[in-house]
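Below is one structure; the comments refer to it alone.
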Amino acid sequence: MNWPQTMLGAAGPHARGVESLWWLFFWVTTAVYVLVLIAAVLATVRRNRPVDPQDPAASRRAGVAIASATGVSLVLLFILLISSVRTGRYSIQGLADPSHINIKVTAQQWWWNVEYESTIASQRVRTANEIHIPVGRPVLLKLQSTDVIHSLWVPNLAGKKDLIPGQEAAFWIQADREGVYRGQCAEFCGHQHAHMALLVIAEDSGKYAMWLESQRRPAADPPDEMAKRGRDVFLSAPCVMCHSIRGTGAGGRTAPDLTHLASRLTLAAGTIPNTPGHLAGWITDAQGIKPGTRMPTIGINGEDLQALLKYLQTLK
Amino acid sequence: MATTRDLDVSGLPNFAFGNRTLLWWATVCLMIIEGMVFAISIVTYVYLRGRQPEWPPNLSAPGLFWGTVNTMIMLASAVPNQITKKYAEKLQLGPTRLWLAVCLLFAAAFLVVRILEYGALNTRWDTNAYGSIVWVLLSLHTVHLLTDFVDSVVLEAVLFYKPTSKRFVDVSENAAYWYFVVLSWIPIYVVIYFGPYLL
Amino acid sequence: MPADAASPAAIYDDRAVLEETWRPPAGLMGVLSAVNHKLVARRFVVTTMVFFLLGGLLALLMRWQLRRPENTFIGPDLYNQLFTMHGSTMMFLFAVPIMQALGLYVVPLMIGTRNIALPRLNAFGYWVFLVGGVFLYVSFLLNMGPDAGWFNYVPLSGPEFSPGHRIDTWAQLVNFTEIAALVGGIELIVTIFKLRAPGMSLNRLPLFCWAQLITSFMVIFAMPAVMMASNFLALDRLVATHFFNPAEGGDAILWQHLFWFFGHPEVYIIFIPALGIVSSIVETFTRRPVVGYTAMVLSLVSTGFIGFGLWVHHMFATPIPQMGQSFFTAASMMIAIPSGVQIFCWIATIWLGRPQWKTPFLFVLGFIAIFVLGGLTGVMLASVPLDLQVHDTFFVVAHFHYVLIGGAVFPLMGGLHYWFPKMTGRMLHETLGRWTFTLLFIGFNVTFFPMHLLGIHGMPRRVYTYVPDTGWGPMNALATAGAMIIGFSVLLFLVNAAWALRRGALAGHNPWGAATLEWATSSPPPAYNFHPLPVVEGRSPLWDRSADAPSVIGIRSDCREVLVTRVLDAEPDHKVEMPAPSIWPFVSAMCLGGMFVATLFTPWGFVVGAVVATIPVIIWFWPKESDHAGRAYRHDRSNERAA
Amino acid sequence: MTRLIAVLVLVLGTAACEREQRRFNEASPASGIPQTLKMGQLEPGGSAQQVTIQSEYDENAWAISEGKRSYEWFNCVGCHSHGGGGIGPPLMDSRWIYGSEPENIFATIMQGRPNGMPSFRGRIPQQQAWQIVAYVRSLAGLTPADARSQRDDDLFYKKPEARTPQKGPEGQPGRQP
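As they're listed, the protein sequences go chains X, D, V and R. Quick note, the first sequence lines up with residues 35 to 350 if you use the numbering used here. Quick note, the second sequence lines up with residues 1220 to 1418 if you use the numbering used here. Quick note, the third sequence lines up with residues -11 to 631 if you use the numbering used here. Quick note, the fourth sequence lines up with residues 14 to 190 if you use the numbering used here.
Here it is in structure tokens:
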């Protein structure tokens, strides 16, 4: 589960631009800091001090030193300003590319709803907490929020962008290297702000197309008897009030779409790995793992639970 | 060790008017605070207007009659206010009491008209953002009218009870604050009543 | 003024009579009705330090929860209250008020007058502040503490997503502390403009007073923004207005604009008085006036102005047009220049002067070391692309602790060590002071430097825990250890203060050999501060005081008379009588507090409360015998007549 | 005098604590349906002692707001709209066909009712069901005013529940007043 989540391991053009800007700022400010510290230490421990602390000549020389130091800092700040504005302009540069992919990301209290848009209704894909993108192609994320302010931030790919209820924001990301990049909500949004992560899985175009194709298919019929019984348990449990599985009667829109749950790497917005054990723990005691989450504690155990787990694993 | 160059201040007066007094500077600071409060409310009005295609959103603009009447009364009240200030700074007790009473009449008048103004707004505070900001703008100014009215009433009572020189300074400062309350109504009046047409 | 004709001849310049006229009343009534600026200010400093300790305890609890991943020491609900209370306490109940309280104590002494300009208003300001602080902590203990962050973004803090009255507590706290700050601001401006000793023209005003003056003007211009924002939020939550309801024309970003238009000047309101303290300490402990007086004053003024022009750098991640953001990048970088000039001037002063290694001076060196680093990370945050990476992460937490603890708490600790002898008459223990500094310096850096790395490696702010696989565990454990060290150093300071109050060495008039006027009085100063009032001849009154230095005579001792001087050249203008101690500011503050708390539960609480709160204010203003103190009034009580 | 203040603070304390409590995982007040449930006032012999189920969610602001969210997420709005009724009966007035006590409303949700009220047994978990019960009672003004919800971030279709007048449980079937 330890996927990269750092600003210094840039895997996309936007993040790379910012990383080089960071190192420019870092070295300039470190140099200034060291110089100021040296000046302060020398000033404090120097030996041969002027007899009259207020002698005008020394004061004038000090005035010249202050003026020149200020001049130098002005020039340095100007350099940093220009480089910052140039790097900033680069981050909106992706708009020109018409072949970009449109994804609508809706942030809700404590998970991310991801929808791959398409003019043909059957081509649309709805998944949660994971964004698959092809390597090398710019991706336009349309950001919305249905409740409070969240902030989408995948440090390896780009900066963060707030999702404000009542407004839609456009946000560009692009990955140049394959890999799984972890991101997290960066604007305080309530009880489970700490466990609201998402994964951006960058893969080559072939794998991405195969993944998209598989996500478009409805849920496969359960192969064996136990999985079939699991589906019946699912359709008669509280799950149907909120979740949806295309191909079955469950059509709830207020919670993640579970049609391809088994294909996801994590559960509960990047909090726990997607293994049967964790899935069982999450179903029976969601509040234990994420106290305050909207998933209620479901009273399923024993035989029903095993059947349900078996069924959920078939949802590849 | 009293030396010859000591500064003898025993002859100085023990009260003064205008920007020589402490109270004048405190009132100016208060005016800056109240001015910022009004300015921020007006900026909020303009900001909210910017987010709406139609303003006021499916409501009719506020009726102009009572607002304009009230503005006239307030501007007119500047005359007795100035006279009160003149007599106060001449320390003439009788005329100061008289003209301060006249100011109180004007204050009572525009407070009554203000109640009618609320009716002419054609919206409640909880209808939408427009209603909220318009009610807040009008209510903020009304709070200032009320506090100014209560100040003047208390001052008038004090002029009858124990009129010392310091009280005349207070009357003169109260007149200055009265100007602020009346003049700060002008931009709010323009925004509330002519905002729908101008913005 | 008493009727001169009937009463016996006025008594001028008599120390014994002065002593009697200015003596504060004893007993509980004396405490509740005190108007002497030193009594009120000392109480203010102690109260804000208590809130500092409470805020520190909250911080330790937070650090203890974060010391390892998926810790269950504190749940999310309590943790959200903890970090909101920590932020609100430190910003509203400690940082801004303590700088003003220090100003209320030192400024009247430094400019050579007998009391603050509007003493009863000063008492009222303290009581309103106290009611606000007690109200916040009682609510917190009743599980009603705010839990949406110290800046309380809507719609999370709106009526739909914050049920109950937790956020209303925050909104009312803001009202309390704003009134106290505004009132303090007004007093300091009027005092510095009108009550300076003759001869102290504006270009001889000490830098500490310049800092307090500019801070007070920033308070007056900035605070209304948050007052309106918190009242808009309270209206939205209690009477269903729609300022922040996107469906009915409101907007969530309106809150951010209103709050941060106040928010950024607020951090300069905390920081600029600290610059004043550093200037005072550097001047005294290098035995030389600060180099470039005009440059320092202009830097303070320009920091104050530019401070109002960069609030949008808190909102770079919101969908605000890119072009607008670059303007704020430029403004945010430009403000580094005045601070830089001041640092260079102090270093030049140390270079030319003869530094003494006393505790206050150590805190100034600590300030330079830490604040400069914080200022430079601030330049990084000014750049939009960099800020989009590290905004709302632990990098920002590290930045603002470097500029707030480094930039304000270090100078404040230096200031407390510097003025402690003047306030209490006792010297703090030198070695204990040095240990306090060393522990604080080490503890601070161990706690907050790793947070820069945490922020770069993706740890967001305000998280009650984190997943183990992120690898943030070790650095968080290190930060928690550092927080413990900070706790020890604050404890050490308390021990030092407690010890010094009883057995500290007796501090004479001027233990540090300083230059400013407050060191001309005894420690602690008498109730009337100066007898006779000094006449100022230069920027360092005590250092270049000639043998036959003139002083002011002809001020009455048998009533609380104070000399009012002109704004620019401080020429004597007229005399004013200061009001005597009165209980009514206390009663007014309690009624106002009752009104604000009642508004929490019913909108009618505001209307009824306003009427109830007006009564004590009118009585406070109503002329009464008890308004005047001093022997002049005891004779002609019977035949009071028009002047 | 100080004892009086101490008592006052204690009372204030419990009231405030109660309203602000966030109970994430707690067994709801009455998991099964109590045997004392009755549809009518008539019963042979004397009136038996009535067991009252005091759902502490009534005074809890967070539970009521969660109940409001579940009310909208589970599409109760479809028939009852926001309390004004439509296909289903209105919930804001004081006319209760099957009783207004917490356990009556809980039974209605669980068992379903003729003319279209579906049965949600097994579909809505216990805790969320009791939160919806608390919200429905707050719609009718049967719960303390300061715990009810204020306006929400949607179109302003009606006054928020917190400002609807407080009503006592006068004369409904199923429970003696």
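A virtual CB, placed ideally from N, CA and C, is assigned to each residue, including glycine.
A distance below 8 Å between beta-carbons, with the five flanking residues on each side excluded, links D/ALA1326 to the following residues of its chain, in chain order: SER1296, LEU1364, ASP1367, PHE1368 and SER1371.
Between X/ALA162 and the set X/LEU301, X/VAL68, X/MET260 and X/VAL173, the nearest pair of CA atoms involves X/LEU301. Residue contact check for X/PRO330 against chain R: a CB pair falls below 7 Å.
Taking 7 Å as the threshold, the shortest C-beta distance from V/TRP339 to chain X falls below it. The CB of X/ARG94 never comes closer than 9 Å to any CB in chain V; the least such distance is about 10 Å. Here the C-alpha atom of X/GLY97 lies approximately 36 Å from the C-alpha atom of V/ALA495.
Residue burial annotation: D/GLU1273 is exposed, with fewer than 16 other C-beta atoms found within 10 angstroms of its C-beta. A distance below 6 Å between beta-carbons, with the five flanking residues on each side excluded, links V/PRO307 to no residue of its chain.
The beta carbons of V/VAL207 and V/ILE257 sit closer together than 7 Å. Taking 7 Å as the cut-off, the beta carbon of V/ILE444 is found no closer than this to the beta carbon of V/GLY394.
Take V/SER576, set aside five residues on each side of it, and the residues of its chain with a beta-carbon closer than 7 Å to its own are PHE112, ALA601, PRO604, VAL605 and TRP608, in chain order. Residue contact check for V/ASP557 against chain X: no CB pair falls below 7 Å.
Around the beta-carbon of V/VAL34, fewer than 16 other beta-carbon atoms lie within 10 Å, marking it exposed.
X/GLY170 sits in coil when the DSSP states are folded into three classes, being neither helix nor strand.
Between X/LYS350 and X/SER297, the C-beta gap is smaller than 7 Å, which places the two residues in contact.
Near chain X, meaning a CB-to-CB distance below 9 Å, the residues of the segment 127 to 138 of chain R are PHE133, GLY135, ARG136, ILE137 and PRO138. At a cut-off of 7 Å, the C-beta of R/PHE119 has no neighbouring C-beta in chain X.
Per the coordinates, the alpha-carbon of V/PRO147 lies some 10 Å from the alpha-carbon of V/LEU223. Using a Cβ-Cβ cut-off of 7 Å, D/ILE1259 counts as an interface residue toward chain V, since at least one Cβ of chain V sits closer than that to its own. The count of Cβ pairs closer than 8 Å, one atom from the segment 86 to 100 of chain V and one from the segment 502 to 522 of chain V, reaches three, so the stretches are in contact. Taken in chain order, the complete alpha helix (DSSP H) segments of 4 residues or longer contained in the segment 224 to 283 of chain X are 239 to 250, 259 to 270 and 273 to 276. Residue contact with chain V for D/GLN1311: absent (no Cβ-Cβ distance below 7 Å to any residue of chain V). Chain R has a Cβ within less than 7 Å of the Cβ of V/GLU148. The beta carbon of V/PRO143 sits closer than 7 Å to some beta carbon of chain R. At the C-beta level, V/PRO85 and V/THR36 come within 7 Å of one another.
Of all C-beta pairs linking the segment 413 to 430 of chain V to the segment 280 to 291 of chain V, fewer than three are shorter than 8 Å, placing the two stretches out of contact. Residues of the same chain with a CB within less than 6 Å of the CB of X/ASN136, apart from the 5 flanking positions on each side, are GLU151 and LEU174 in chain order.
Identification of chain X residues near V/ARG56 by a Cβ-Cβ cut-off of 9 Å yields none; the smallest Cβ-Cβ distance measures about 14 Å.
Here V/THR272 really is in contact with V/TRP500; their C-beta atoms are around 5 Å apart, less than 8 Å. Distance from V/VAL5 to V/ASP546 at the Cβ level is roughly 5 Å; contact confirmed, criterion being Cβ atoms closer than 8 Å.
Taking the Cα positions, V/THR282 is about 50 Å away from V/ALA586. Contact annotation: in the segment 32 to 47 of chain V, no residue has its CB less than 7 Å from a CB in chain X. In the DSSP assignment, V/PHE351 falls within the alpha helix (DSSP H) that extends over 347 to 370. Within the segment 140 to 172 of chain R, contact with chain X at the beta-carbon level (separation under 8 Å) is assigned to GLN140, GLN141 and ASP166. The secondary-structure analysis by DSSP pairs X/SER179 across a beta bridge with X/ALA141. Closer than 8 Å at the C-beta level to chain R, one finds these residues of the segment 588 to 607 of chain V: PHE589.
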